[in-house]
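**Student:** Got a structure here, written out as structure tokens. Questions coming.
Protein chains: 2
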Amino acid sequence: MSTGLREYLDGPHKAVRDVVRDGLAANAGLLNAGLDLSRDEYRDQVLAVMQQVTAEGHTGRGFPKEFGGQGDLGGFIAGFETLAFGDLSLMVKAGVQFGLFAGAILHLGTSRHHEQYLTDAIDGHLLGCFAMTETGHGSNVQALGTTATYDPATEEFVVHTPNAAARKDYIGNAARHGRMAAVFAQLVVGGETHGVHCLLVPIRTPDGESMPGVTLSDCGPKLGLNGVDNGRIVFDHVRVPRTALLDRYAQVDAEGTYSSEIENPDRRFFTMLGTLVQGRVSVGGAAINASKVALTIAIRYADRRRQFSAPGSAEEALLLDYRMHQRRLLPLLARTYALHFAQAELVDEFVRIFGSDGTDNTEGNTDGEGGLGDRDEHDRRALEAQAAGTKSLGTWHATETIQMCREACGGAGYLAENRLAALKADTDVFTTFEGDNTVLLQLVAKGLLTNYRESFGKLDPLGTARFIAAQAVEIAVEKTALRTVVERLRDAVPNRNDTADPDAGLRDDAYHCGMVRFREEHMLAGVARRLKKGIDAGDDAFEVFNRCQDHVIAAGRAHVERVVLEAFLAAVQAAPEGPVRDRLKELYDLHALATIEAERAWYIEHGRLSGQRSKAITALVNELCAAVRPHADELVEAFGVPGAAVDVPMVVPSQHE
Amino acid sequence: MSTGLREYLDGPHKAVRDVVRDGLAANAGLLNAGLDLSRDEYRDQVLAVMQQVTAEGHTGRGFPKEFGGQGDLGGFIAGFETLAFGDLSLMVKAGVQFGLFAGAILHLGTSRHHEQYLTDAIDGHLLGCFAMTETGHGSNVQALGTTATYDPATEEFVVHTPNAAARKDYIGNAARHGRMAAVFAQLVVGGETHGVHCLLVPIRTPDGESMPGVTLSDCGPKLGLNGVDNGRIVFDHVRVPRTALLDRYAQVDAEGTYSSEIENPDRRFFTMLGTLVQGRVSVGGAAINASKVALTIAIRYADRRRQFSAPGSAEEALLLDYRMHQRRLLPLLARTYALHFAQAELVDEFVRIFGSDGTDNTEGNTDGEGGLGDRDEHDRRALEAQAAGTKSLGTWHATETIQMCREACGGAGYLAENRLAALKADTDVFTTFEGDNTVLLQLVAKGLLTNYRESFGKLDPLGTARFIAAQAVEIAVEKTALRTVVERLRDAVPNRNDTADPDAGLRDDAYHCGMVRFREEHMLAGVARRLKKGIDAGDDAFEVFNRCQDHVIAAGRAHVERVVLEAFLAAVQAAPEGPVRDRLKELYDLHALATIEAERAWYIEHGRLSGQRSKAITALVNELCAAVRPHADELVEAFGVPGAAVDVPMVVPSQHE
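If you want it as structure tokens, here you go:
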């Protein structure tokens, strides 16, 4: 059965996933390299493996054929996700080089940049950085302090770090290997600031010396990912030619005239940033796959390790036969499947919008102002929200799952040789990078509140309140619409508080979907109402927003939970009939009911669940854990994690003695 | 204010705490030693600092004066807890040497062992291991596989590892420094096995060579605590003299006659193990103090770092002014205070029972069978449950709090220089060692169910079910008693579901205590009822237990939550009137309501909370976060964590540039 299930999980990019699996198995030595090498040796070994993989031609998969790529963006993402089965420093290093650095050139540059740099970036000859984050600014990218001031006398930009807070920080590839950086800076032309733009700035000579005016330093040891050389960059009036500006969305001519086809600066900024959504798509997928590695290890261990003997039995009981152990691991297993399918749906949508070679399906389909047409703009914002949401839930899931797996393996889980330590340490920052999860969920909620209108395009959460003030009438309309939706749902999902049988319909997928949809819509309507009320009362905009920030974030999360659940259900329905679908349906039920159980207080508070029915759900989650348990080994087998990553001493002692 | 608060927190052992604080400040270099030294160098440096501290005479504080100690057990624990403000490898190494190894000699040995070894163990000349855990057995100590077989021909014990599962594993001090081990093994005398006993076995020569028949190996790198040399020990028919047996509770004479004043083998085993409760007391306190370090860093960072500007303000808002940030950090701050006072209460009780020099206040007060008298036996079991519960909640709290602090500090929190990385990695195993938390909570629940009766003394969770079968009548009686309690509580805590004002009485401490006590009693009665029902139906005992294992653990947890809440309330009531008490009362309210909020689903399900009142509690938690926020800096200042541990670059950049 696990073969059929694995094929179904691997989906259309199975071949790429298998290539990466083979590559990881061939480079299994890297899995333990972080343990005994010095930090710089480990970094160099990660680079060496990356360059070897590059030489085999895999890393250009997502790029246009004319620059040495293969025009297969979906395969590229699938391959990247699969890298998360191996050493995560290698994955992150590759993400920095091919996703972020080469991606910025592809998406923000024009043919001149593509021709000059893309082939070298894709084949790893030109190692680069993505220099966005600063010491003083992470989430609020619009407030970056680095400046790039145009000097028409020499036709150069002067890149400068005006203060300590504007220092580029945590930049992958900066401490040791990067030779060039895609630098995000406030563009100043003719004394006027035009907001954040991106320029290519050489930071090291081929010999590894810092370029004049560039001060590079090392972020030093980190909790994990120590095979990646994160560093800091300070610019002291560094001059680069005018052509260094990645000028797809805005140009500066020789005389110093700034122009952009997108007139609204906010809209321009978010259009540029939007092209970089691939990073979030990739990190979410990587986090979900890292969870699979941890679960494979912990579930196999629990299916072998015994503790405490049952009465009348000489043999102790298997850990996985204990209810508490099932409760700790199996709902997380079900949720990993759910997120897997939600991620697959996201990647499909990403490829649909960006095209199979990553160069935009929307090219030429503009609004006559240089921006995207309305429909494409809408699709882009929807994709960004979907990527932000999946990234948030996927990365928090990884943190929770790997922690639980470590605890479930006791002291053995704490030893580096059993790999949970590295998984835990390496993935921990996933909840932060490519967007802090709490900020991302605000972005999700904001998108829902405004129906993705361009006038609401600021990441700044305070913009929410200001916008609401301006759109009070429209919000009122939306509220009415929502109320209708809620009433419709109420009819579709009969309140069973009075039913004699509290179990009735608990495994009915229409019930699950109705519940999570009700929660999403209700929370969203509540946020809109509270925002409007505060604005109507003339309260301070920050106060209005801040008073319901927790509610905003919870609403964003409720939306993503609904999307994930529906993706899982769709995957169950599309699965081959027979054991594969049966197994998935069981896991789906466990995931759906565990999701409702986790928010049962809210459902009861809002009259959607009686206390009795709530208890019935808890009992059914327990039953479903017991039903899934006999298949647990097969279910992790189906993830197809290479043996080198999971055949650790505590699971397969014989291989190590 | 923070001075008064700090004095109140420091309590009677303030002087000792200050001595340790000064010592940590003087050895601040150790805080970063783990980052760049090799593993062995780091281990040696930890040993060097430990020996220096030992030379200053601090480590013997808890031991009898005749062996170089100071007879101040409370001060010893306070000092140990305070070590958690510094490098945690040092703390754990000291815990292994002085708490576990020297503790085993003190509690399980007799005068011959005390005179021969205790002074050397206390002054650090004799480095030792506590060799209990095996590869195949952690929580189930009674099933250890190592054997110690008496050979009357030579008057020796033969210590042996019969199979791979019986290998001693994760043993601190074993990989590099330990010269002797307190080895727990099945004692075999005259062909009869008498259960687990402890013997002193030399494992290394003074030159560091393994003793003949002893194979030592290294557990290798770990997620954290890499300054501690955890290793493995395999014995191949190693001979030690008869006097190597720590024979306080059982003796073997020259001819090979085994005798013990405690006839029941289970009771003997748990009496021996019970003397080692100090480890759990210490780890819980250390975890709570590690949480203080993380909160000090994260709250000071949040009170300095700005992000996103408020409308009409040029300056961005402080992280700590965002509701979500308050929500993430401040209930954890309040809970840290609660656990601090619960821990202080536990230490007082520990010292009351063990005496100020650790040699038992109960000596001579026996039951005539060599065991403890009934009252002392009851107090011991209660102390063990209290220690197990506080350890569980304290260590899970540390894991959660440090994780949240890391995320709240974003990318900066991921850098080793900001110390959250080490705190996270080092404390992670606290939920496992000195007893896995889930197993410990079962121990707590078991104690409550049986009113600490000796006949229910097996750690084996399956014993629960067997016992219940034998005691069915008594359980029925207890149920009746419980029902009375529950009814009494119901009267004392009016159900306010119908009250017009859902906020009424929410800050009344009698309400909080009534709620948590109701939950505890109700859950416990439910467990008893379910166990009895299964046994009455003749179901398989493992099944009966396993079906409500999650319920058993939740009941144990509910009990500890109640104890913690009451300890905090008692501390508020005993605090000096004025700002100290006011501040504590506010934190107490936040803790109490956040605790009820976390379980609000249960309270609603059981008719103790209406949906409306539940929402009012959530709103009040938000308000209390806002009320605590202006004092947050002062509240972490009062923990008195030495500057060297918390003045990290992201908080105090000027000191590092």
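First to last, the protein sequences are chains A and B.
Under the working numbering, the residue at position 375 of the first sequence is numbered 375, and the numbers go up by one with no gaps.
Under the working numbering, the residue at position 381 of the second sequence is numbered 381, and the numbers go up by one with no gaps.
Don't be surprised by glycine CBs; every beta carbon is placed ideally from N, CA and C.
So the candidates are B:GLU400, B:ALA254, B:VAL552, B:GLU417; which of them puts its Cα closest to the Cα of B:ALA33?
**Tutor:** Measuring from the Cα of B:ALA33, the nearest candidate turns out to be B:GLU417.
**Student:** Under 8 Å Cβ to Cβ from A:ARG483, same chain only, skipping five residues before and after it: list those, please.
**Tutor:** Reliability fails at A:ARG483, whose pLDDT of 45 lies under 50, so the model's placement of it is uncertain and no value is given.
**Student:** Run the CB neighbour count on B:ASN230, radius 10 Å, all protein chains shown included, and call it buried at 16 or more, exposed below.
**Tutor:** Counting Cβ neighbours within 10 Å, B:ASN230 comes out buried, since at least 16 surround it.
**Student:** Quick check on A:ALA601 - is its C-beta less than 9 Å from some C-beta in chain B?
**Tutor:** Yes, A:ALA601 counts as interfacial toward chain B.
**Student:** Can you tell me which of the three DSSP states B:ALA644 falls into?
**Tutor:** Here B:ALA644 sits in helix by DSSP.
**Student:** Secondary structure at B:TYR258, three-state DSSP: helix, strand or coil?
**Tutor:** Note: B:TYR258 maps to strand in three-state DSSP.
**Student:** Check the Cβ of B:GLN307 against every Cβ in chain A and list those closer than 7 Å, keeping chain order.
**Tutor:** By Cβ distance, chain A contributes SER139, ASN140.
**Student:** Hey, which unbroken runs of the alpha helix (DSSP H) at 4 residues or more fall wholly within the region 270-328 of chain B?
**Tutor:** Complete alpha helix (DSSP H) runs here, min 4: 278-302.
**Student:** Sort out for me which residues DSSP pairs B:GLU134 with in a bridge.
**Tutor:** Paired residue(s): B:HIS137, B:LYS168.
**Student:** For A:GLU586 versus A:LEU624, is the C-beta spacing smaller than 9 Å?
**Tutor:** Going by C-beta atoms, A:GLU586 is nearer than 9 Å to A:LEU624.
**Student:** What residues of chain B sit near A:GLU407, judged by a beta carbon separation below 7 Å?
**Tutor:** Ordered by position in chain B, the residues that pass the 7 Å Cβ test against A:GLU407 are THR431, THR432.
**Student:** With a CB to CB cut of under 7 Å and the five nearest residues on each side skipped, what residues in its chain are close to A:ILE617?
**Tutor:** Answer for A:ILE617: LEU506, LEU593, ILE596, GLU597, ARG600, listed in chain order.
**Student:** Which residue comes first and which comes last in the beta strand (DSSP E) that contains B:GLY195?
**Tutor:** Residues 192-202.
**Student:** Classify A:LYS168: buried if its beta carbon has 16 or more other beta carbons within 10 angstroms, exposed otherwise.
**Tutor:** Answer is buried; the Cβ neighbour count reaches 16.
**Student:** Applying the criterion that 16 or more other CB atoms from any shown protein chain within 10 Å of the CB defines a buried residue, is A:PHE639 buried or exposed?
**Tutor:** The residue is buried, with at least 16 neighbouring Cβ atoms inside 10 Å.
**Student:** Give me the chain B residues within the contact set of A:PRO653, using Cβ-Cβ distance strictly less than 9 Å, ordered along the chain.
**Tutor:** Neighbours of A:PRO653 on chain B, chain order: THR135, ALA164.
**Student:** Work out the CA separation of B:GLY75 and B:HIS58 for me, nearest whole Å.
**Tutor:** Cα-Cα distance, rounded: 10 Å.
**Student:** DSSP has B:LYS222 in a bridge; who is on the other side?
**Tutor:** A:LEU415.
**Student:** When Cβ atoms are compared, which residues of the region 413-424 of chain A fall closer than 7 Å to chain B?
**Tutor:** Under the 7 Å Cβ criterion, the region 413-424 of chain A contributes TYR414, LEU415, ALA416, GLU417, ALA421, LYS424.
**Student:** Can you tell me which of A:ALA317, A:ARG352, A:ASP348, A:THR296 puts its alpha carbon nearest to the alpha carbon of A:ALA334?
**Tutor:** Measuring from the Cα of A:ALA334, the nearest candidate turns out to be A:THR296.
**Student:** Does A:VAL16 come out as helix, strand or coil in the three-state DSSP assignment?
**Tutor:** Helix.
**Student:** Per DSSP, which one or two residues make a beta bridge with A:LEU216?
**Tutor:** BP columns for A:LEU216 point to A:ILE233.
**Student:** Rounding to the nearest angstrom, what Cα-Cα distance links A:GLY457 and B:TYR301 in this structure?
**Tutor:** The predicted position of A:GLY457 is uncertain, since its pLDDT is 36 and thus under 50; a value taken from the coordinates is nonetheless stated next. If I take the Cα positions, the gap works out to 29 Å.
**Student:** I'd like the list of long-range same chain contacts for B:THR215, defined as Cβ closer than 6 Å, with 5 residues on each side in sequence excluded.
**Tutor:** VAL234, listed in sequence order.
**Student:** How would you list, in chain order, the residues of chain A whose beta-carbon sits under 8 Å from the beta-carbon of B:LYS667?
**Tutor:** Residue 667 of chain B falls outside the range modelled here, since chain B spans only 1 to 657, and no answer is possible.
**Student:** Should the region 339-359 of chain A be called in touch with the region 272-286 of chain A, which here means at least 3 C-beta pairs below 8 Å?
**Tutor:** The region 339-359 of chain A is in contact with the region 272-286 of chain A.
**Student:** Provide the residue(s) that pair with A:ASP151 in DSSP beta bridges, ordered along the chain.
**Tutor:** Per DSSP, A:GLU156.
**Student:** With burial defined as no fewer than 16 other Cβ atoms inside 10 Å of the residue's Cβ, what is the status of A:SER38: buried or exposed?
**Tutor:** Classification of A:SER38: exposed, given that the 10 Å Cβ count is below 16.
**Student:** Can you name, in chain order, every residue of its own chain whose Cβ lies under 8 Å from the Cβ of A:PHE184, other than the five neighbours on each side?
**Tutor:** Excluding residues within five positions, the ones whose Cβ falls inside 8 Å are ALA131, MET132, VAL141, LEU144, THR146, VAL196, HIS197, CYS198.
**Student:** In angstroms, rounded to a whole number, what distance separates the CA positions of B:PRO502 and A:ARG529?
**Tutor:** Between B:PRO502 and A:ARG529, the C-alpha separation is close to 21 Å.
**Student:** On a Cα-Cα basis, can you pick out the residue from B:ARG306, B:LEU329, B:MET272 that is closest to B:GLU384?
**Tutor:** Ranking the options by Cα distance to B:GLU384, first place goes to B:MET272.
**Student:** Decide if the region 110-121 of chain A is in contact with the region 317-324 of chain A; the criterion is three or more beta carbon pairs, one per stretch, under 8 Å apart.
**Tutor:** Not touching, per the Cβ criterion.
**Student:** I need the straight-line Cα distance from B:CYS409 to A:CYS548, nearest angstrom please.
**Tutor:** Those two C-alpha atoms are separated by around 22 Å.
**Student:** Between which residues of its own chain and B:LEU448 is the CB-CB distance below 7 Å, once the five residues before and five after are set aside?
**Tutor:** LEU524, HIS559.
**Student:** Work out the CA separation of A:HIS378 and A:PHE350 for me, nearest whole Å.
**Tutor:** Their backbone Cα atoms lie some 13 Å apart in a straight line.
**Student:** If you drop the 5 nearest sequence neighbours on each side, which residues of the same chain put their C-beta closer than 8 Å to that of A:GLU400?
**Tutor:** LEU332.
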